[in-house]
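Colleague: Dropping the structure in here first, questions after.
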Amino acid sequence: MKFIKRFEELCINDISLVGGKNASLGEMIQQLTKKGVSIPSGFVITADAYKYYLKFNNLDK
82 MKFIKRFEEL
92 CINDISLVGG
102 KNASLGEMIQ
112 QLTKKGVSIP
122 SGFVITADAY
132 KYYLKFNNLD
142 K
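Structure (structure tokens):
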């Protein structure tokens, strides 16, 4: 289970893992950098990381 993913690793199919906006950023990087558009790199914390945080800290009840 990965808790952090780089935008370059993401595509639109990752919505359930990282949310719509982050998946869209990943898709933009995938598509637009090939066409010469400069998009800053970055990373995202996954939904699995959030769920783990809640469970680890007994906040999931």
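The opening position of the sequence shown corresponds to residue 82 in my numbering, with each subsequent residue numbered one higher. Every residue gets a Cβ at the ideal spot worked out from N, C-alpha and C, and that includes glycine. Please read these numbers as outputs of a predicted model, since none were measured by experiment.
With distances taken Cα to Cα, identify the nearest neighbour of glutamate 90 among Tyr133, Ala128, Phe124 and Lys116.
Modeller: In the sequence shown, the residue the question calls residue 90 occupies position 9. Checking every option, the nearest Cα to that of glutamate 90 belongs to Phe124.
Colleague: Leaving aside the five residues before and after leucine 113 along the sequence, list all residues of the same chain whose C-beta is less than 8 Å from its C-beta, in chain order.
Modeller: Within the sequence shown, numbered from 1, the residue matching residue 113 stands at position 32. Around leucine 113: Ile120.
Colleague: At which residues does the alpha helix (DSSP H) containing phenylalanine 124 begin and terminate?
Modeller: Position 43 of the sequence shown, counted from the first residue, corresponds to residue 124. No alpha helix (DSSP H) holds phenylalanine 124; the beta strand (DSSP E) holding it covers 124–126.
Colleague: Report the option in Tyr133, Phe137, Leu140 and Lys142 whose CA atom is closest to the CA atom of isoleucine 85.
Modeller: As a working mapping, residue 85 is identified with position 4 in the sequence shown. The candidate whose alpha carbon is nearest that of isoleucine 85 is Tyr133.
Colleague: How many Å lie between lysine 102 and tyrosine 131 at the Cα?
Modeller: On the sequence shown, position 21 is the one that residue 102 refers to. On the sequence shown, position 50 is the one that residue 131 refers to. Taking the straight line from one Cα to the other gives about 16 Å.
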